[in-house]
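One structure below.
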Amino acid sequence: MYKIVRRKALRPTVTQLEIEAPLVARKAKPGQFIILRVNEEGERIPLTVAGVNPEEGTVKIIFQVVGATTELLNHVPEGGYLQDFVGPLGNATETEGINKVCIVGGGVGCAIAMPVAQEFHRLGADVTSIIGFRSEDLVILEDEFNECSNKLIVMTDDGTYGRQGNVTVPLDEMLSAGEKFDMIITIGPLVMMKFVTLTAKKYDAPITVSMSPIMIDGTGMCGGCRLTLNTEEGPKMKFACVDGPDFNGYEVDFDEAISRGRMYFDYERHAYEETCNLFRQAENA
Amino acid sequence: MALNPKKHEMPAQDPQVRAHNFDEVALGYTEEMAVSEAQRCLNCKNKPCVAGCPVNVNIPDFIMKIKEKDYEGAYQIINKTSTLPAVCGRVCPQETQCEAKCTMGIKFEPVGIGRLERYVADWHNENATEKAVAPESNGHKVAVVGSGPSGLTCAGDLAKKGYKVSVFEALHTAGGVLVYGIPEFRLPKAIVAREVEGLKDLGVDVETNVIIGKTLTVDELFDMGYEAVFIGSGAGLPSFMNIPGESLKGVYSANEYLTRSNLMKAFRDDPKTPIMKGGNVAVVGGGNVAMDAARTALRLGADHVYIVYRRSMEELPARAEEVEHAKEEGIDFRLLNNPVEILGYNNPDDPRDPKNGFVTGIRCIRMELGEPDASGRRRPVPIEGSEFELDVDAVIMAIGTSPNPLIKNTTAGLEVNRRGGIVVNEDGLTSREAVYAGGDAVTGAATVISAMGAGKLAAASIDKYLSSK
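The following block contains the structure:
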């Protein structure tokens, strides 16, 4: 069992947990993820590491309530326990030779982008961060990004906070103005990453995308997380858990990944509604 | 008394009934059947069956104990050499091992050794009251990577000799393939759990949620005071055919499909982990894993399940009993067929059509057998122009695995072969001092009992190494 040492609601549906997992805390690097199960009956869900405290032996995760398991996770109190917590999984984000970086995060993906931005900052790189959210009430981690970025742009789709528009707008502006980045790193919803990649492509700018497909074990065993890279030698199947989660954005078949991500859409929506109903009943009782 | 030329039939659930439930198919001998079957053993001097067993269970001796109705005595004989009798009695391919060598088998059917082993193990689990006791410690610490059949066997053998053994398991439940791979209807998980508990009684420490190669490395295990390491990390990454359509929704690796059902309990009525149920299902492959996947699909409510295998029944590698059971349950064997493409739904007028991207069928080509290949089996050759389509909603690829790179990539000096399997010598020793390996991580996908044999060999080698240090 893994104790939730601290719990903080960043937003009504976005929560930060610090979990006691000393072995993971000692090893995890920015870009890597963990897999957890809330209880004995629960499903395994991957979540990216949002920070670690090796001295204290804790791992930070940030999640948005999007389905049954995250709803359940959001109901575990501080001091409570998670059934399973394993990691770190996947490869750390490549930082070698990158002195000027643009981090483009979307929604709760910003929680994953944050430690990556912090790592580049720590290594002395010039960090530009563009973080985008649907609306003002979903904006998270602005202060944290401010601390580790030379330049920060906050975007909201509806213009209720920061600039109005999506994250590709300022990226396109910078690239068209001749700004050069050693690497653009984007983390967020697949559709957003697809369009950030298309924007980068217009200017031949190198881009890394962080993929988070459906997976079970996270060690390469199930192959559920497979995706297709369209490489110069033709299409190649890769497993996000052992080959990624970071990939060259130019090569990723986003449409396929988007389609695969919706495999259990009906099931998930139903399970989410059921879980919400259970909690509502419990609250009313 | 005249000898019965045939072995006692194994009582089993009716095929029509069992095709719709996950309860164990084979029900086990009654005491009367077990004693009567034991009487078929000739107790011959040269004991060829023992040589046929990868862990050399003293088969005639335990059968003699059954004749005497001393079932605990029989269990103790098996337990001397085998760590997992209740498992082996169920999943070993006896027909190619002990029973293939049985003297009775020359003229008649061999003795039902596997069935007797299962009887004895189940008797013990139901009736034995004394727990195993941890022997006095010899002060040596050994780490075992993976809690599948090779790891559990290695851990058990070392623990019995007084070693302090820690088993590290990547998943949340111990048992490896016995838990995530082999379905409940063939090997109830309660039996695996009991075997693991038995090891804990012997003083073995089982740490779940630790991935060696990620959470800890092999070198760190030595830093932590372990004096030897056994790697039994299992089969690894599922293979795909590299044909169009393998990324469609509804295409699974057998590993994923079975893990969802077995480990994550997607077979239950209200599962927390989803799996596609119903419709028509094609399973590609002819091994035990393919049989398990096909029979799982049936039990999950599939209307029709095909096994698509490119060779003929003669080359089909699955255990005979599994093939028989699958046929009885109505699995449709499409032999000498090879998939060339998986077909999917695509509505060009509506890119948001929710059916887009789901499997609708599989295109196969008929094969014929040509000259023998490197494996000695006749090579299947496609018959030109013979393509046809099967309407299916899901495709499960059960065509093998390739070794997991996590340990190799994080262990300097660990030699692997061209296929990625860990290289070991005749003692199970790798290219690294004090690091041993066995099971599928070495051989690629094989059987539970051969993995147990490798775990046993490594345990003996580790004992020899550490006691001479």
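In order, the protein sequences belong to chains A and B. Sequential numbering from -1 applies to the first sequence in my numbering. Sequential numbering from 136 applies to the second sequence in my numbering. Here a beta-carbon is modelled for each residue, glycine too, at the ideal position from N, C-alpha and C.
For residue j and residue i, the rounded distance between their alpha carbons
| i | j | result |
| --- | --- | --- |
| residue 159/A | residue 132/A | 10 Å |
| residue 230/B | residue 188/B | 11 Å |
| residue 86/A | residue 307/B | 15 Å |
| residue 186/B | residue 176/B | 16 Å |
| residue 4/A | residue 13/A | 11 Å |
| residue 326/B | residue 312/B | 13 Å |
| residue 363/B | residue 571/B | 8 Å |
| residue 149/A | residue 89/A | 27 Å |
| residue 520/B | residue 449/B | 25 Å |
| residue 229/A | residue 498/B | 26 Å |
| residue 180/B | residue 201/B | 18 Å |
| residue 59/A | residue 405/B | 28 Å |
| residue 183/B | residue 455/B | 21 Å |
| residue 214/A | residue 172/B | 44 Å |
| residue 9/A | residue 144/A | 18 Å |
| residue 218/B | residue 338/B | 14 Å |
| residue 343/B | residue 304/B | 5 Å |
Cβ-based neighbour list, residue i, same chain, cut-off 8 Å, excluding 5 preceding and 5 following
| i | result |
| --- | --- |
| residue 142/A | 112, 116 |
| residue 579/B | 370, 535, 536, 537, 538, 554, 556 |
| residue 438/B | 413, 414, 415 |
| residue 147/A | 101, 115, 119, 125, 126, 127 |
Where the alpha helix (DSSP H) through residue i begins and ends
| i | result |
| --- | --- |
| residue 271/B | No alpha helix (DSSP H) contains residue 271/B, which DSSP labels as neither H nor E. |
| residue 165/A | First-last for residue 165/A: undefined, no H or E at that position. |
| residue 358/B | 353 to 358 |
| residue 587/B | 583 to 602 |
| residue 225/B | 220 to 226 |
| residue 285/B | 284 to 295 |
| residue 188/A | 188 to 200 |
Close-in-space but distant-in-sequence residues of the same chain around residue i (CB under 6 Å, 5 per side omitted)
| i | result |
| --- | --- |
| residue 418/B | 425, 428, 429, 442, 531, 533 |
| residue 289/B | 279, 365, 590, 593, 594 |
| residue 43/A | 67 |
| residue 168/A | 128, 151 |
| residue 493/B | 384, 385, 480 |
| residue 559/B | 565, 572, 577 |
| residue 98/A | 124, 179, 180 |
| residue 201/A | 173 |
| residue 81/A | 35, 37, 38 |
| residue 518/B | 501, 503 |
Unbroken beta strand (DSSP E) run spanning residue i, endpoints
| i | result |
| --- | --- |
| residue 58/A | 56 to 62 |
| residue 460/B | No beta strand (DSSP E) contains residue 460/B, which is instead part of the alpha helix (DSSP H) from 455 to 464. |
| residue 261/A | Residue 261/A -> no beta strand (DSSP E), and no H or E assigned at all. |
| residue 44/A | 43 to 51 |
Own chain, CB closer than 7 Å to residue i, minus 5 neighbours either side, in chain order
| i | result |
| --- | --- |
| residue 178/B | 195, 199 |
| residue 154/B | 433, 434, 464, 465 |
| residue 548/B | 566, 567 |
| residue 226/B | 317, 321, 322, 583 |
| residue 276/A | none |
Notebook entry, point to check: Okay, do the stretch 509 to 525 of chain B and the stretch 465 to 483 of chain B touch, 3+ Cβ pairs below 8 Å being the bar?
Noted result: Result yes; three or more Cβ-Cβ pairs closer than 8 Å.
Note to self: Does the contact criterion of 3 or more C-beta pairs under 8 Å hold for the stretch 250 to 270 of chain B versus the stretch 206 to 223 of chain B?
What the structure shows: Three or more Cβ pairs closer than 8 Å define a contact, and the stretch 250 to 270 of chain B meets that threshold against the stretch 206 to 223 of chain B.
Next item on the list: Would you check if the stretch 122 to 130 of chain A and the stretch 92 to 108 of chain A touch, i.e. whether three or more CB-CB distances between them fall below 8 Å?
Entry: The stretch 122 to 130 of chain A and the stretch 92 to 108 of chain A touch, with three or more beta-carbon pairs separated by less than 8 Å.
Checklist line | Under 7 Å (Cβ pairs) to chain B, residues found in the stretch 238 to 257 of chain A | finding: Residues of the stretch 238 to 257 of chain A with a Cβ closer than 7 Å to any Cβ of chain B, in chain order: 240, 254, 257.
Next item on the list: Could you please tell me which residues of the stretch 336 to 353 of chain B, in chain order, have their CB closer than 8 Å to any CB of chain A?
Entry: Those residues of the stretch 336 to 353 of chain B that come within reach of chain A (Cβ to Cβ, closer than 8 Å) are 343, 344, 345, 346, 349, 350, 351.
Next item on the list: Determine which residues of the stretch 218 to 239 of chain A have a Cβ less than 8 Å from any Cβ of chain B, and write them out in chain order.
Entry: Close to chain B, meaning a Cβ-Cβ distance shorter than 8 Å, are the following residues of the stretch 218 to 239 of chain A: 218, 219, 220, 221, 222, 224, 225, 226, 235, 237.
Margin query: If the cut-off is 7 Å on Cβ atoms, which residues from the stretch 285 to 313 of chain B count as contacting chain A, listed in chain order?
Written below: For the stretch 285 to 313 of chain B, which is checked against every Cβ of chain A, the residues closer than 7 Å are 305, 306, 307.
Notebook entry, point to check: What residues in the stretch 80 to 98 of chain A have a beta carbon less than 8 Å from any beta carbon of chain B?
Noted result: Flagged, chain order: 81, 82, 83, 84, 85, 86, 87.
Note to self: Beta carbons nearer than 7 Å to chain B: which residues of the stretch 19 to 32 of chain A have them?
What the structure shows: Listed in sequence order: 21, 22, 25.
Note to self: With three or more C-beta pairs closer than 8 Å as the rule, is the stretch 535 to 547 of chain B touching the stretch 217 to 230 of chain A?
What the structure shows: Enough Cβ pairs lie closer than 8 Å, so yes.
Notebook entry, point to check: Pairing CB atoms from the stretch 183 to 197 of chain A with CB atoms from the stretch 341 to 358 of chain B, are three or more of them under 8 Å?
Noted result: No: the two stretches stay apart, fewer than three of their Cβ pairs being nearer than 8 Å.
Notebook entry, point to check: Is it a yes or a no for the stretch 403 to 422 of chain B touching the stretch 243 to 257 of chain A, going by three-plus beta-carbon pairs under 8 Å?
Noted result: By the Cβ criterion, the stretch 403 to 422 of chain B is not in contact with the stretch 243 to 257 of chain A, since fewer than three pairs of Cβ atoms, one from each stretch, lie closer than 8 Å.
Notebook entry, point to check: Going along the chain, which residues of the stretch 34 to 62 of chain A sit with their C-beta nearer than 8 Å to a C-beta in chain B?
Noted result: Listed by position, the residues of the stretch 34 to 62 of chain A near chain B (Cβ gap below 8 Å) are 35, 39, 40, 41, 42.
Next item on the list: Would you list, in chain order, the members of the stretch 524 to 543 of chain B that have their beta-carbon closer than 7 Å to a beta-carbon of chain A?
Entry: Here the close residues are 539, 540, 541.
Check: Got a sec: which bits of the stretch 472 to 492 of chain B sit with their beta carbon under 8 Å from any beta carbon on chain A, in order along the chain?
Finding: Those would be 489, 491, 492, in chain order.
Notebook entry, point to check: Should the stretch 266 to 282 of chain B be regarded as contacting the stretch 336 to 347 of chain B, the criterion being three or more beta carbon pairs within less than 8 Å?
Noted result: The count of Cβ pairs closer than 8 Å, one atom from the stretch 266 to 282 of chain B and one from the stretch 336 to 347 of chain B, reaches three, so the stretches are in contact.
Notebook entry, point to check: Taking Cβ-Cβ distances below 9 Å as the criterion, which residues of the stretch 261 to 276 of chain A are in contact with chain B?
Noted result: Of all residues in the stretch 261 to 276 of chain A, 261, 262, 263, 264, 265, 266, 269, 272 have a Cβ within less than 9 Å of some Cβ in chain B.
Notebook entry, point to check: Name the residues in the stretch 194 to 218 of chain A whose C-beta lies less than 7 Å from a C-beta of chain B; which are they?
Noted result: The residues in question are 214, 215, 217, 218.
Notebook entry, point to check: Does the stretch 263 to 281 of chain A come close enough to the stretch 240 to 251 of chain A to have 3 or more Cβ pairs within less than 8 Å?
Noted result: Remark: fewer than three beta-carbon pairs, one from each stretch, lie closer than 8 Å, so the stretch 263 to 281 of chain A and the stretch 240 to 251 of chain A are not flagged as touching.
Checklist line | Within 8 Å of chain A by C-beta, residues of the stretch 213 to 245 of chain B in sequence order | finding: Within the stretch 213 to 245 of chain B, no residue qualifies.
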